[in-house]
Each structure stands twice: as structure tokens, then as C-alpha cells.
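In the UniProt record's numbering, the protein residues as written are 1 to 416.
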Amino acid sequence: MALIRVPPPVPMPTDISRANLVILTPAAAAAAANKGKRISSSSFLLAIKGSLRKQQQQRPNITTTFSPLQAAEDLAARLGLEMATAGLELLFRDREAFGAGDHPPPASPGRQRRPVRVAYQGVPGSYCQEAAAEAYPSSSHPPFLPCPHMEAAFSALEDGSADHAVVPIENSLDGPIPRNLDLLLRYPGVRIVGELLLPVNHCLLALPGAPRSALRRVVSHPQALDHCRHRLQALDLEVEEVSSAADAARVVAEGRISDTAVIGSRIAARVFGLRVLEENFQDQGSGGGNMTRFLQLALGGTGTGTGKTTVAFSLPSGPSDLFRAMWAFESRGVRVARVDHRPNRSSPVRVVDKAAYLDYVFVLDLEGAESEDHVRAALARLREFAGFVRVLGSYGCTCATRSRNRSPAPVTPKNC
1 MALIRVPPPV
11 PMPTDISRAN
21 LVILTPAAAA
31 AAANKGKRIS
41 SSSFLLAIKG
51 SLRKQQQQRP
61 NITTTFSPLQ
71 AAEDLAARLG
81 LEMATAGLEL
91 LFRDREAFGA
101 GDHPPPASPG
111 RQRRPVRVAY
121 QGVPGSYCQE
131 AAAEAYPSSS
141 HPPFLPCPHM
151 EAAFSALEDG
161 SADHAVVPIE
171 NSLDGPIPRN
181 LDLLLRYPGV
191 RIVGELLLPV
201 NHCLLALPGA
211 PRSALRRVVS
221 HPQALDHCRH
231 RLQALDLEVE
241 EVSSAADAAR
251 VVAEGRISDT
261 AVIGSRIAAR
271 VFGLRVLEEN
281 FQDQGSGGGN
291 MTRFLQLALG
301 GTGTGTGKTT
311 VAFSLPSGPS
321 DLFRAMWAFE
331 SRGVRVARVD
341 HRPNRSSPVR
351 VVDKAAYLDY
361 VFVLDLEGAE
371 SEDHVRAALA
381 RLREFAGFVR
391 VLGSYGCTCA
401 TRSRNRSPAP
411 VTPKNC
């Protein structure tokens with residue numbers, strides 16, 4: 001039997017052209033520093049915008065002689081490499097996660113010898129990573145899966161690549177995040193199993209050793225810049241918007257850009273080795289007025305605690321029946337903590353007496369568990385006249401207390 005020749009792995013290019021300035025590896029940054037080079041400030045935004053595009057690993061074009069076994073060779077090479085990589089990742093993760101006398105991490109329900117996998121939207125160093133670390137403390141050693149966008153975190157639950165997900169749902173200064181409300185309605189199998197209130201601490205970050213007087217610009221996400229508007233006016237620096245503050249922190253660190261500061265999280269400073277010039281940089285001072293609410297999600301999971309129940313429903317007669325729905329809860333002693341609404345994408349237009357209206361789905365947060373008698377009775381009454389009713393989850397609430405000495409939780413080297 002002929003043996004299949006397994007070709008050696010093809011090395012990936014590490015150089016970065018000017019037309020595709022996206023991300024500098026630490027090795028490339030060090031090499032540039034040794035040669036006295038650095039990324040120019042004028043090309044900073046190009047680096048930021050390029051780094052925000054999802055990097056697709058592409059193999060270089062290689063001219064080879066056609067062989068009937070070429071496909072089999074390539075398959076064998078990739079299969080062997082993936083199996084070896086998976087084995088090494090498991091080995092080193094277990095060796096690093098557990099010390100002498102430590103016990104293995106808790107496994108997911110129905111699965112043995114595997115820690116819970118937690119997906120979050122964003123990149124390492126983002127506030128979403130901080131929320132995931134608070135919701136699933138590092139003592140349990142969960143592998144975190146950064147996802148490039150909101151829907152990827154939901155998809156990770158649906159396809160089984162993650163057991164839980166952490167996504168932001170509303171901010172005390174900016175209100176709800178409509179995208180995630182829509183995704184909760186679009187993925188009926190995903191349930192809310194917990195929530196987390198996290199105080200937002202915007203930090204002014206820069207390179208270690210860079211004098212504050214040398215700063216010429218500040219970059220961050222538009223929302224963070226808006227939270228720090230008055231403080232930025234006092235600095236009298238150029239202000240640039242980027243799509244990800246954590247990505248901006250990475251580019252500043254790897255490109256050694258000394259004249260640019262980033263408004264980001266303290267965890268971003270630890271991840272990328274930046275210096276915190278000032279904490280609580282937001283206009284609201286210590287952060288008491290700036291809180292973000294995150295949801296903990298699972299596929300068909302059951303929440304712990306009895307604090308809240310979130311329910312979505314539509315009304316055949318439209319918003320005119322909203323009082324009727326609210327009375328179903330009020331008359332049974334169920335307090336409504338929050339009311340929101342989203343366009344009814346499955347049936348966007350409602351016709352009543354020959355008049356057309358845009359239709360909406362209402363989302364309510366109720367105080368009490370779905371299993372409690374008065375909540376169950378109110379939901380039963382709602383189902384009598386609502387177009388559809390779906391309980392999105394029944395769960396408890398955890399208010400995070402920031403630990404300044406906490407180390408960032410480990411992040412897996414791949415995205416969802």
C-alpha cells in the first residue's frame with residue numbers, strides 16, 4: 001500500500017503591507033522598534049479600521065505538480081495538524097489551569113471533564129470580557145470565546161460551540177441595546193439564565209513611559225467618547241472614533257504609538273501592557289451613574305434565583321391593548337420593572353378597521369419567578385388575548401463589585 005506523503009505546514013506570512021495595515025504581532029513590533037521604526041500617527045486610523053475586520057487566515061498560492069493524492073495529502077496534513085493542536089491545547093490548558101491540590105473545573109450539564117465554555121461579544125480587553133469574567137469567575141477556569149459580533153455569540157450557543165454567552169442589553173446612560181433584543185426574539189431556543197450589573201470605569205490609557213504632555217489625540221468607541229465629552233474638552237486633544245476601544249488599545253501597544261491615548265477598560269490595560277493615566281475618566285465621576293446590564297444566556301437553560309422573569313408578547317389590536325396586558329400583571333400583584341418594544345419583523349404591518357399600522361413586540365421584565373403562582377396566573381391571562389407569548393427566561397440578578405487586583409480571565413486563541 002502506498003504511503004500518503006504529508007507535506008510540512010506552510011508558514012504564514014508575518015509582514016504587513018501598507019495597503020493592509022491591520023495588526024502588528026509583538027515580534028513584528030519589536031523588530032520595528034529595534035530598527036528605529038514605528039507606526040506613524042497619520043496611519044493610526046488605517047491600522048485601527050483594518051484591525052477591526054475579521055482576519056481570515058489565507059494560505060499563500062503555491063504552484064505544485066498535479067497529483068491524484070493532492071487532495072488526500074492536504075486533508076491528511078490539516079487533520080493531523082488540527083488533532084495535534086487540539087491535543088496540545090488541552091494538555092497545556094489543563095497543566096496551567098490546575099495547580100497542586102486543585103480540583104478539575106466543573107463540567108457542563110450532561111458533559112464530563114470539560115469546563116463551561118463562555119462566549120462574549122468583542123475582543124480581549126473589552127468590557128464584555130470583563131463582564132464574562134465577573135459572571136464566571138476565574139476560579140472556575142472557564143474558557144472564554146471572543147466573538148466578532150453580537151449574533152456570533154448567539155450562534156455559538158445554537159451550534160454547541162459555547163455553553164453560555166454574556167451580552168450587553170442596556171446601559172444606564174444610553175438605554176437599551178436594540179440589536180440584542182432582536183436576537184433574543186430571533187433565537188427562540190436561547191434563554192436568559194442570569195444578569196449582571198457592571199459599573200463602567202472608563203480609563204485613559206497610554207504607553208508606559210510616554211509623557212502625558214506628548215499626547216496629541218484620544219481614540220475610543222463613540223459611546224465611550226460621549227461618556228467622557230466634558231473631560232475630553234478640557235484636555236484639548238484631537239478626538240477620533242473607532243469601532244472598538246480594545247482593538248485601539250492593542251494597536252497603540254503593538255505599534256508603540258506614544259502620542260495617542262485610548263479610553264478603555266482597566267482589563268485592556270492589563271491585557272496589552274498599557275499604563276492607566278487616569279481612572280474614572282467619565283463625566284459621571286466614580287461610575288455610580290454609568291452601569292451596563294449584561295445578560296447570561298444558555299440554550300434551553302434554567303436560571304438560578306427568583307429575581308426576574310422576562311417575557312415577550314404581541315397584541316392583535318396593537319398598543320391599544322397594552323393597558324390590558326399591564327393590568328393582567330398589576331391585578332395579580334406582579335410588578336413590571338421594565339417595558340420595551342421592538343418591531344414585529346415576522347408581521348410588520350397590522351391592519352385595524354382598514355387602517356394600517358406598524359406592529360411591535362413588547363418585552364417586559366417582571367419581578368418574580370415564572371414558577372410562582374401569581375406570575376403563572378398573570379401569564380395565563382396574557383395568553384388568553386395576546387397574539388403570542390414567549391418567556392425569555394426566569395433568573396436572578398448579581399450586582400458586580402469591581403476587584404481592581406483581579407487578573408484577566410484566560411481567553412481561548414480562537415473566535416466563535
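Cβ atoms here follow ideal geometry from the backbone N, Cα and C, with glycine treated the same way.
A quick note: this is a predicted structure, and the numbers were derived from the prediction, not measured.
Suppose you measure from the CA of residue i to the CA of residue j; what does that come to, to the nearest Å?
i, j, result
"Arg335", "Leu366", "6 Å"
"Gly396", "Val167", "16 Å"
"Arg186", "Val118", "20 Å"
"Asn344", "Ala298", "24 Å"
"Pro60", "Arg256", "With a pLDDT of only 42 at Pro60, under 50, the local geometry of the prediction cannot be trusted, and no value is derived from it."
"Thr310", "Ser347", "22 Å"
"Phe329", "Ser243", "41 Å"
"Arg332", "Leu235", "54 Å"
"Leu295", "Glu170", "9 Å"
"Gly87", "Pro148", "Interpretation of Gly87 is limited by its pLDDT of 37, a score under 50 that renders its predicted location unreliable; the figure taken from the coordinates is listed afterwards. Distance between the alpha carbons of Gly87 and Pro148 is about 26 Å."
"Ala248", "His341", "33 Å"
For the beta strand (DSSP E) containing residue i, list its first residue and its last residue.
i, result
"His164", "His164 to Asn171"
"residue 421", "No answer is possible for residue 421: it lies beyond the span of the chain, which begins at 1 and ends at 416."
"Cys147", "Phe144 to Cys147"
"Ile267", "Premise fails: Ile267 lies in the alpha helix (DSSP H), Arg266 to Phe272, not in any beta strand (DSSP E)."
"Gln121", "Val118 to Gln121"
"Glu367", "Tyr360 to Glu367"
"Asp283", "No beta strand (DSSP E) contains Asp283, which DSSP labels as neither H nor E."
"Val217", "Here residue 217 is Arg; the residue named in the question, Val, does not match the sequence. Its beta strand (DSSP E) spans residues Arg217 to Ser220."
When DSSP labels each residue in this structure, what does residue i get in the three-state scheme?
i, result
"Ala312", "strand"
"Glu330", "helix"
"Val242", "coil"
"His230", "helix"
"Pro348", "coil"
"Glu151", "helix"
"Ala210", "coil"
"Gly300", "coil"
"Gly160", "coil"
"Glu130", "helix"
"Gly194", "strand"
"Pro343", "strand"
"Gly175", "strand"
"Val200", "coil"
"Ala77", "Per-residue confidence for Ala77 stands at a pLDDT of 41, beneath the threshold of 50, marking its modelled position as unreliable; no derived number is given."
How would you write the range of the alpha helix (DSSP H) that residue i sits in, first residue to last?
i, result
"Val375", "Asp373 to Phe385"
"Arg390", "Note, Arg390: premise wrong, no alpha helix (DSSP H); beta strand (DSSP E) at Phe388 to Tyr395."
Assuming residue i contacts residue j under a Cβ cut-off of 8 Å, what Cβ separation, rounded to an integer in Å, is found between them?
i, j, result
"Val352", "Gly300", "Not quite, the Cβ-Cβ distance comes to about 36 Å (not below 8 Å), so this is no contact."
"Arg217", "Leu237", "6 Å"
"Val252", "Thr260", "6 Å"
Verify the contact flag: residue i, CB atom, against every heavy atom of the ligand GDP, threshold strictly below 7 Å.
i, result
"Ser258", "Here there are no bound small molecules, and the ligand GDP is not part of this structure."
Can at least three beta-carbon pairs, one atom from the stretch 175 to 186 and one from the stretch 196 to 206, be found at a separation below 8 Å? In this structure the stretch 175 to 186 does not touch the stretch 196 to 206; the number of beta carbon pairs closer than 8 Å is below three.
Does the stretch 126 to 145 come into contact with the stretch 252 to 268, if we say contact requires no fewer than three beta-carbon pairs (one atom in each stretch) closer than 8 Å? The stretch 126 to 145, when compared against the stretch 252 to 268, does touch it at the 8 Å Cβ threshold.
Can we say the stretch 153 to 160 touches the stretch 273 to 287, given the rule of at least three CB pairs closer than 8 Å? Touching, no, given that fewer than three Cβ pairs across the two stretches are closer than 8 Å.
The stretch 315 to 334 contacting the stretch 374 to 390, beta-carbon criterion three pairs below 8 Å: Output reads yes: the stretch 374 to 390 touches the stretch 315 to 334.
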